[in-house]
Every structure is written in C-alpha cells, then in structure tokens.
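Q: Here's a structure for you.
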C-alpha cells in the first residue's frame, strides 16, 4: 500500500512555543490530506482537511489560528501548533487518500507533549 | 468467539479462537466503511473495507459484515494470534461529491489475545 510519513514521531516543547509537524506521501500524490487528533484511550477526531494550493477546511471547534495548516505541494502538508499549551498535548495523526472510496493511509503519528 | 455488545471497550479471547468486534455507525448516508487496527503509539493500519452496496466482504482471516438496516458493522477475525492484540476502530465515510473526505471514527475496541 501507499506510504505516508510523519515527522517528528515525538516532540516535547515549552508552553507558548510553536511546533511544526510534517506529513509526506512518499509514493503517491495527495491533493487532500487530513489531520486527526487522538487523546489517550480515545478515538481519532478529524481536525481539518488540508487541500493542496488552497486553504484548509477546519472541523467545528478547531481553532484555525492555533492549528495552522499548509499544503504547499502534492506530497507535503504541515500542521503548526502555535502558542502551544499543555492541553494541546496529544497524538496527532495525518492521513491521505488517493480518491473517493479509497482507503486512507495514515502516518505514524506525532506524540506532542507541552510542558 | 464472543459477541461483544456495543460500546464495550475491551474484548478478551483465547489464542486460536475467533473474535467478533462490533460497531454502530452514525450516518445512514455513509457509503464506505473501513476497519483499522491501531497498536500502541502507532497510526491506524488498514484491515479491510466495504462499500454500502455490499453486506459482506472477506479478506485473509478477516470478514466484515454490514447491516445497513440497523447501521451496524462487524469485524470477524478468525484463528486469532497474539499479533492481533490492538485497538480496532471502524470508520465511516459518505460521499460528498467534493473529492476525498475525512473519516469519522467509532470509539474503538481493545482486543486482547490470551495465550
């Protein structure tokens, strides 16, 4: 299957700083990528849809000014958590789909800890 | 195997037995469903998918059943192995006509394989 690579896998940052997470599709082009957040022992929650060359679409309740998404190319989307706070500590996962009715391929996830 | 009631977070089965994991989905308009396996600290891994025009699909050791009347999805794993221990999520998607869409995930079931 297709490969989605996410970096870094773990990051610890101080409260008030910003953190950037990268998501790359290694062997296919993804015009659309998705960002999810997962708290411990909970399910994945869709945060936003990242569209190549245009603005991201955010789910209700997700602050677009806090979670900046950039999809600069067909193989790269980035999520920047700005002015991070301890409550932003979570597991962030990106995914990409090759089209409708196709499976979504997931990155390895990024464990963010804000101290 | 043991049939699991909806919303039970943990299912424990003996190695070699069959297991059945159940999921209730929310949107009657959903037309594509996927089962994912997630091991601790990793992103979801695709297991099997099914479209709404089908009620059963088989893979290697896995079978997915779809009952659209009651909005119910199940995953059957035959002859469970220790490596099957993980959290299993069902995910649903409905075709919006605007391209690839994000998935809505169920709550998840933690499958534990007893030696």
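Chains as they are written, first to last, in this note's numbering: chain A, -12 to 102; chain B, 10 to 124.
Glycine is no exception: its CB is placed at the ideal position from the N, C-alpha and C atoms.
For clarity, every value in this text was computed on a predicted model and none was experimentally measured.
Could you compute how far the alpha carbon of residue 76 (chain B) sits from the alpha carbon of residue 65 (chain B)?
A: 9 angstroms
Q: Along the chain, where does the beta strand (DSSP E) containing residue 31 (chain B) start, and where does it finish?
A: 28 to 33
Q: How about residue 117 (chain B) and residue 30 (chain A): are their beta carbons less than 7 angstroms apart?
A: yes
Q: Output yes or no for whether 7 angstroms exceeds the beta carbon distance between residue 64 (chain A) and residue 72 (chain A).
A: no
Q: Excluding the 5 residues flanking residue 83 (chain A) on each side, which residues of the same chain have their C-beta closer than 6 angstroms to its C-beta?
A: -9, 12, 17, 20, 92
Q: Look up residue 20 (chain A) in the DSSP assignment and give the residues it is bridged to.
A: A:37, A:83
Q: Taking Cβ to Cβ, would you say residue 97 (chain A) is nearer than 7 angstroms to residue 79 (chain A)?
A: yes
Q: Under a CB-based cut-off of 7 angstroms, is residue 55 (chain B) close to chain A?
A: Using a Cβ-Cβ cut-off of 7 angstroms, residue 55 (chain B) counts as an interface residue toward chain A, since at least one Cβ of chain A sits closer than that to its own.
Q: In three-state DSSP terms, what is residue 58 (chain B)?
A: strand
Q: List the residues of chain B whose Cβ lies closer than 9 angstroms to the Cβ of residue 94 (chain A), in chain order.
A: Those within 9 angstroms of residue 94 (chain A) in chain B are 52.
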